[in-house]
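Each remark here refers to the structure printed beneath this line.
Chains as they are written, first to last, in our numbering: chain A, 663 to 1025; chain B, 5 to 344; chain C, 352 to 754.
Encoded structure:
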């Protein structure tokens, strides 16, 4: 088996060389538009020409991405899309959301249908590797683990109690694979009931078709908060896996991947520096006035050329924070105390407080 | 209608003059074919070159090695034993066996129900006749997918569970499935029984399978009923009259005189319906039954191999359809009247 | 004996077995009807339909742009009224010579009743109820005007009138999608019934010429055309629609250069079109087979060119024969749009899924599915009825009778 990885730039160059040989004029046209200089990636050029970012989300997951009654999207995953749009256009509204189910998300990203996948996707080796799904991952925006939810009435306390019982799971997820692995390790026989979408999975669980449903713990908590009687369901203490939920782009465009990576880091760094949506204007003014605060001046784009290096506007940081706030604000608003999910920050605290949220230095 | 509109007979006017090559009867067809063929060829070459370029860029060039990698996921209800450590090809095969299971059972059920309904539409009983019509008109005009999710989420998932399940001697119908008594290992007769709150029995149909089968049978039988009705209607009225004047009852007439003749018309129609049933079985994915399509979709997701998976799917369904067509053609030859 | 009783006895209780069947059926009908009524009036909570009626109708279409859809509905009602009136503008002796035959009176009565009842049952606001009433009034008024004064219109104008329909379709597309000064509404925001109808009408309109070409290709004497058509038709008919949709969604991006792949709503529409064309081709082929060879030869001997002979002699006859099975294909096409929900599009069934995921309406599956079933049934049955009416109109014997 021979797998060859060619970067998009090489492919584009090859296509340009081959173009005169081909007959169809519109092929020529499409190849000609692939040229680009400096840090401008083909993907970013496409997005800027289009005037909006196309973001792949789940769309039915409270806390992460869901549609309100007025048709607007909100959630932690959605805020990452908004931050990216703010960085590119200065306007968090310039996003078009695509609802993707777990089975179609990677094909949608690989074929260029969506620019950015912000859909509670677990970073794994095979998804990252060029010989696997070939994705490029930003830093995780939510560290999660796979859990199991059962109705209190079932009397199930541990994974062992699930022996021989039907378990609902969304197909095409890491969850499905982890479930198989954990149950195999413990030699617990079970019946997996697989559904294409989360909606169907939870509908079957609520109708009593399965005695347990398994997914990321945050997702289970989010779904439980929307049940008619949330207190009638418990999350088992077992954590079956590590699930770092991470925004992803395609491997083939490192420039675009970097822009996404540092947009996410911006959210982390801003929280660490105590910069929030409320004080961003004041902080910018402070940085402008005080030439000695080099770190702050660089971070906010008052001096240096971070923006240019990434192919983003110089003031991309103030635009992002002004639009969606820092990571802490996003967390609280969507899944933390300010939301119906009321999740604890847990390992998603800043590194200085013993958590895993850590931005490499902006310099 | 345009039949009366006529134009000057140009061919008469032009007779005798030498025909230029572009109006030559023998050249034009080849020109047309050449143009169409070239267009198709260029289009296919264009698409293929894109495919290869894009796949190379994504590092996903056609390869089949992944088929022998362990799948890593489980499948709930398989005839062919399958576990997570088995390779992908075995998972796909288990999916195919599940598809065949639905298709074969569905074909039998739909044929039986459809034939009964088709016959009932000739009954002397007005109520029965009209009820048959109503059934056919209702079922045919509602999308199959809607019917499937209705059967599954509304009907089957409202069944009682555990000890409250519907229990008949040797048979139990619960939310998790239909359990039928049978011989367990060692030729020991065993009825449905509860183990640890879960029903167990030698024979088991899950509700996913049940909902899919019910939906497919209900939908296809309405179409088959129409085929059977058309076939019976094609038998001359005189045949009925002759048979009943011989003293045959209605059911005897139908079975011994009319149906054998109607089969000639019915069998080709059935072929179409059987093929649609086979293809419609791929909607299993909507009710959580692991058929070939459902396993293929999971496989695509875990491997990212879109092209290979689509090729496997298309090839298998084409082969399945071809097989059904061959069978039905054989049957067709059998039922044709061998005159003289 | 009373003739009615005798008739009942003959129809329902002719033999003891018949009597048993009748009693059993009556029992089943009674039990079914009573439990259905009990469910519909006491157990079902119809609020899920009332609260989400806009979502079911147009999906996430922006609220401030919805006037465009109202305008489109009014235009469609006007077009229907005019077409209907023009068709009836020549009173025919077999209909008693009246402008308002019995069927038309029934249809108008039904329309008015529906426009009064439905918006009220859905709990729409009075202004919206009034809007529906106004649209119905436009339809009926234009039907009357066109029927009454249609024959007085100058001939060329009458001949140009049918061209209004394709024009209306284009206007509709602009109204829905934007352009020409209207704000653009991206296809990902179309949903519900709007998307279902758009997808099916697009596919029906486009698969028609494609299907006819394929059917002609399959009957062609040129081997390349014939085999090409056969290959295409059999390939498409051999594959389940869902695998083709899957192919369209997952592989089209690989088959076309970056950025050239259409939006996924359009992608699905094209897959539906190409799929339906293969089936339509088979229907048209059976129609072509029914036209005697002599017809073509006669037309040719009158000096018509090959395309002319096909267009004005063979195809019209073939179409009439193929009409029932073509409409059958259109009906299944309309039903097949539900499969788009499996690839994540928000047509009626997809909308239903998101509605049922809403915590406020959890478990209200039966109400939603029942409503969708009624909706689809009405659309499909109407198509079937229309086709049968058209069939009767095109029947040469009937045309000959009416002169």
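In this text, a Cβ means the ideal position worked out from N, Cα and C, and glycines have one as well.
Same chain only: Cβ atoms within 7 Å of residue i, ignoring 5 sequence neighbours per side
i: residue 470 (chain C); result: 479, 480, 483
i: residue 683 (chain A); result: Any reading at residue 683 (chain A) needs caution, since the residue's pLDDT is 39, under 50, leaving its predicted position unreliable; the model's value is listed next. Taken in chain order, the list of residues that qualify is empty.
i: residue 386 (chain C); result: none
i: residue 399 (chain C); result: 706, 712, 715, 718, 719
i: residue 912 (chain A); result: 771, 772, 796, 797, 798
Distance between residue j and residue i (C-alpha atoms, nearest Å)
i: residue 703 (chain A); j: residue 520 (chain C); result: 40 Å
i: residue 547 (chain C); j: residue 541 (chain C); result: 9 Å
i: residue 555 (chain C); j: residue 605 (chain C); result: 27 Å
i: residue 743 (chain A); j: residue 717 (chain A); result: 6 Å
i: residue 914 (chain A); j: residue 792 (chain A); result: 9 Å
i: residue 1025 (chain A); j: residue 962 (chain A); result: 12 Å
i: residue 99 (chain B); j: residue 335 (chain B); result: 28 Å
i: residue 166 (chain B); j: residue 178 (chain B); result: 7 Å
i: residue 820 (chain A); j: residue 901 (chain A); result: 11 Å
i: residue 407 (chain C); j: residue 702 (chain C); result: 6 Å
i: residue 673 (chain C); j: residue 423 (chain C); result: 32 Å
i: residue 313 (chain B); j: residue 259 (chain B); result: 47 Å
i: residue 365 (chain C); j: residue 129 (chain B); result: 8 Å
i: residue 183 (chain B); j: residue 331 (chain B); result: 32 Å
i: residue 920 (chain A); j: residue 871 (chain A); result: 44 Å
i: residue 374 (chain C); j: residue 278 (chain B); result: 34 Å
i: residue 677 (chain C); j: residue 634 (chain C); result: 6 Å
i: residue 663 (chain A); j: residue 67 (chain B); result: At residue 663 (chain A), the pLDDT of 37 sits below 50, so the modelled position is not reliable; the number obtained from the coordinates is stated separately. Residue 663 (chain A) and residue 67 (chain B): Cα-Cα distance of roughly 7 Å.
i: residue 456 (chain C); j: residue 417 (chain C); result: 32 Å
7 Å Cβ cutoff met for residue i and residue j
i: residue 1022 (chain A); j: residue 908 (chain A); result: no
i: residue 624 (chain C); j: residue 731 (chain C); result: no
i: residue 814 (chain A); j: residue 896 (chain A); result: yes
i: residue 419 (chain C); j: residue 576 (chain C); result: no
i: residue 589 (chain C); j: residue 322 (chain B); result: yes
i: residue 497 (chain C); j: residue 436 (chain C); result: yes
i: residue 78 (chain B); j: residue 842 (chain A); result: yes
i: residue 566 (chain C); j: residue 632 (chain C); result: yes
i: residue 290 (chain B); j: residue 153 (chain B); result: yes
Chain-order list of residues whose beta-carbon lies under 6 Å from that of residue i (same chain, five-residue window excluded)
i: residue 651 (chain A); result: What is shown of chain A runs 663 to 1025, which leaves residue 651 (chain A) out entirely.
i: residue 381 (chain C); result: none
i: residue 978 (chain A); result: 749, 969
Neighbourhood of residue i by C-beta, 8 Å cutoff - its chain only, sequence neighbours within 5 removed
i: residue 133 (chain B); result: 124, 125, 126, 127
i: residue 93 (chain B); result: 71, 72
i: residue 169 (chain B); result: 163, 176, 177, 178, 179, 203
i: residue 266 (chain B); result: 232, 235, 236, 238, 239
i: residue 285 (chain B); result: 103, 106, 107, 110, 216, 220, 295
i: residue 262 (chain B); result: 236, 239, 243, 244, 247
Min CB distance residue i to chain E below 7 Å
i: residue 129 (chain B); result: Annotation note: the requested chain E is absent from the structure, which comprises protein chains A, B and C.
Any non-hydrogen atom of the ligand SAH within 6 Å of residue i CB
i: residue 745 (chain C); result: For the structure depicted, the ligand SAH is absent and the ligand set is empty, with no information on it obtainable.
- Task: Report the residues of the segment 882-907 of chain A with a CB closer than 8 Å to any CB of chain C, ordered along the chain.
- Result: Taking a C-beta cut-off of 8 Å against chain C, the contacting residues of the segment 882-907 of chain A are 888, 889, 890, listed in chain order.
- Query: Touching or not, the segment 666-684 of chain C and the segment 833-844 of chain A, by the rule of three or more beta carbon pairs under 8 Å?
  - Reply: Output reads no: the segment 833-844 of chain A does not touch the segment 666-684 of chain C.
- Message: Taking 8 Å as the cut-off, does the segment 161-170 of chain B touch the segment 862-871 of chain A (at least 3 CB pairs, one atom from each stretch)?
- Response: yes
- Message: Which residues of the segment 758-770 of chain A have a Cβ closer than 9 Å to any Cβ of chain B? Give them in chain order.
- Response: Within the segment 758-770 of chain A, the residues whose Cβ lies closer than 9 Å to some Cβ of chain B are 764, 765, 766, 767, 768, 769, listed in chain order.
- Item | Interfacial residues, the segment 848-871 of chain A to chain B, with Cβ spacing under 9 Å | 852, 853, 854, 855, 856, 857, 858, 862, 863, 865, 866, 869, 870, 871
- Message: Whether or not the segment 190-198 of chain B and the segment 219-229 of chain B are in contact is what I'm after, with contact meaning three or more pairs of Cβ atoms, one per stretch, closer than 8 Å; do they touch?
- Response: no
- Mind checking the segment 281-303 of chain B against chain C and listing, in chain order, the residues whose C-beta falls within less than 9 Å of any C-beta there? 282, 283, 284, 285, 286, 287, 289, 290, 297, 300, 301
- Query: Are the segment 758-778 of chain A and the segment 298-309 of chain B in contact at 8 Å, needing three or more beta carbon pairs?
  - Reply: yes
- Using a Cβ-Cβ cut-off of less than 8 Å, list which residues of the segment 421-438 of chain C approach chain B; keep chain order. none
- Note down, in chain order, all residues in the segment 64-76 of chain B with a beta-carbon under 7 Å from any beta-carbon belonging to chain A. Listed by position, the residues of the segment 64-76 of chain B near chain A (Cβ gap below 7 Å) are 65, 67, 69, 76.
- Query: What are the residues of the segment 314-326 of chain B that lie near chain C, defined by any Cβ-Cβ distance shorter than 8 Å?
  - Reply: If the cut-off is 8 Å between Cβ atoms, the segment 314-326 of chain B has 314, 317, 318, 321, 322, 325, 326 near chain C.
- Output, in sequence order along the chain, the residues in the segment 796-815 of chain A whose CB is closer than 8 Å to any CB in chain C. none
- Message: If contact is defined by three or more beta carbon pairs under 8 Å, each pair taking one atom from either stretch, is the segment 938-954 of chain A in contact with the segment 987-996 of chain A?
- Response: Pairwise C-beta distances place the segment 987-996 of chain A in contact with the segment 938-954 of chain A, as three or more of them are shorter than 8 Å.
- the segment 826-833 of chain A in contact with the segment 849-862 of chain A per 3-pair CB rule at 8 Å: yes
- Between the segment 140-152 of chain B and chain C, which residues of the former have a C-beta closer than 9 Å to a C-beta of the latter? 141, 142, 144, 145, 146, 147, 148, 149, 150, 151
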